[in-house]
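Protein chains in written order, with this note's numbering: chain A, 502 to 680; chain B, 21 to 269.
Beneath this line is the structure, given in structure tokens, with notes to follow.
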């Protein structure tokens, strides 16, 4: 389909999209865990976003819109398809009751101030938890924005954020104990 | 309210996503419950550790950024460029381009002509016989050119001026014959070249104020179908003064 770019000035797309470039790349790299794949993902995201920019409603959330494009593009990539196959079929995501962690490794973590440890723990999270954690903590998106980006209900966002944090905490606890 | 009831909501509380009423209640509770306060602190520390470790963890290369920027710019052009330009705009751009080129060429050619005339002026002064007709009388000099050049011209009366007519000779510019007159002002000598305007290139059709060319001062203008060039090492005021006298003749 020909892009009716003349309906919305392309400069506006640049103005909206380029300030998010570093963040989108960082997010893409966290998802793919590979520089080349991250570049391909970001490039495809920008191409798709530019092509579909005429369908973007001015005044709505551009950040959530372009992150959704990136995330959907990732899910259809080889790495994304492989990652999505590891997501448990039944996750009881609407269940908002969160298990309280048995141990809290945060104090030890602060003392050691070990960023690599945290990075390793984030990398090991399943993609569906990793992405929600990054959107919440790094991108500082609201639950509503995350729901919009991932096309999931708010309740699911809430439970996934808690599950991601608990999984991270557990992973760190094991790493700190040397398990 | 017991702390256990709040535990599941601590993450939502830290993310600022609880309803306003619950936020106020939990705020109040945390202040009075050491267990929940410690748990909030722990979660806050983890939240900050994730932010510090994951934000800007991976940075794109400059080349990649440029590639993306370029891809956006390249794709923007098609609708903006020729599609939206009217034929009149295209024509105006082409004319402006051609005009700029033409003016540039004209200027270049004019520079070459001034250089050539400056050379003629210097060669003449260096010659043991700078002029072929030696006379300070304009009524002697003017008739001397009859039959030698295909036009005639008037020379000014210099009685009340500082200028002195030294003489004249035939000069050629681009194979076109013309008159070269030598004037003296104090110890400076000035050449006045006169050619038929139509015999010269159109590139010389622009009159100029006194300009400095190759350390000489020069001026050109057209009058009664003749093109005058005044070239010499005299001051711009002298060049201008002689030019005015010639124009009034």
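All C-beta atoms, glycine included, are put in the ideal place defined by N, C-alpha and C.
Within chain A, the residues that residue i reaches when beta carbons sit closer than 7 Å
i, result
"residue 255/B", "Within 7 Å Cβ-Cβ: nothing; residue 255/B doesn't reach chain A, min ~55 Å."
"residue 32/B", "659"
Contacts of residue i in chain B (Cβ-Cβ under 9 Å)
i, result
"residue 633/A", "Going along chain B, no residue has its Cβ under 9 Å from residue 633/A, so there is no contact; the nearest lies around 12 Å."
"residue 625/A", "Neighbours of residue 625/A on chain B: none; closest Cβ ~13 Å, over 9 Å."
"residue 666/A", "31, 63, 66, 67 and 70"
"residue 670/A", "62, 63 and 66"
Under 8 Å from the C-beta of residue i: neighbouring residues of chain B
i, result
"residue 526/A", "78, 79, 80 and 84"
"residue 517/A", "Correct list: empty, because the minimum Cβ distance to chain B is about 11 Å."
"residue 523/A", "76, 79 and 80"
Listed by chain order, chain A residues near residue i by CB distance under 8 Å
i, result
"residue 37/B", "643, 644 and 659"
Own chain partners of residue i with C-beta closer than 6 Å, once the 5 adjacent residues on each side are dropped
i, result
"residue 247/B", "215, 217 and 220"
"residue 265/B", "176"
Interface flag, residue i vs chain B, CB-CB below 7 Å
i, result
"residue 628/A", "no"
"residue 598/A", "Only weak support is given to the placement of residue 598/A: the predicted model assigns it a pLDDT of 43, under 50, and the question is left unresolved by the model."
"residue 568/A", "no"
"residue 677/A", "no"
"residue 663/A", "yes"
"residue 540/A", "yes"
"residue 534/A", "no"
"residue 674/A", "no"
"residue 638/A", "yes"
Closer than 7 Å to chain A by CB, residue i
i, result
"residue 90/B", "no"
"residue 238/B", "no"
DSSP beta-bridge partners of residue i
i, result
"residue 514/A", "Answer is none; residue 514/A lacks a bridge partner."
"residue 154/B", "187/B"
"residue 208/B", "205/B"
"residue 238/B", "231/B and 251/B"
"residue 197/B", "192/B"
"residue 285/B", "Because chain B in this structure spans residues 21 to 269, residue 285/B falls outside the shown range and cannot be described."
"residue 570/A", "Answer by DSSP bridge pairing: none, since residue 570/A is not bridged."
"residue 554/A", "Answer is none; residue 554/A lacks a bridge partner."
"residue 166/B", "169/B"
"residue 213/B", "200/B and 249/B"
"residue 243/B", "246/B"
Same chain, Cβ closer than 7 Å to residue i, neighbours up to 5 away in sequence not counted
i, result
"residue 57/B", "50"
"residue 579/A", "none"
"residue 545/A", "574"
"residue 26/B", "46, 49 and 56"
Contacting residues, own chain, Cβ-Cβ under 8 Å from residue i (five flanking each side not counted)
i, result
"residue 536/A", "530"
"residue 575/A", "529, 532, 533, 542 and 581"
"residue 190/B", "152, 165, 168, 169, 197, 198, 199 and 200"
"residue 631/A", "531, 532, 623, 624 and 665"
"residue 679/A", "none"
"residue 268/B", "176"
Within chain B, partners of residue i - CB distance below 7 Å
i, result
"residue 649/A", "Within chain B, no residue comes near residue 649/A; the closest Cβ sits about 14 Å away, beyond 7 Å."
Check: residue i C-beta below 6 Å from any heavy atom of the ligand FMN
i, result
"residue 579/A", "This structure lacks the ligand FMN; in fact it carries no ligand of any kind."
Where the stretch 62-78 of chain B meets chain A: residues whose CB sits under 8 Å from a CB there: 62, 63, 65, 66, 67, 69, 70, 71, 72, 73, 74, 75, 76, 77 and 78
Proximal residues, the stretch 542-574 of chain A versus chain B, C-beta separation under 9 Å: 543, 544, 547, 548, 551 and 552
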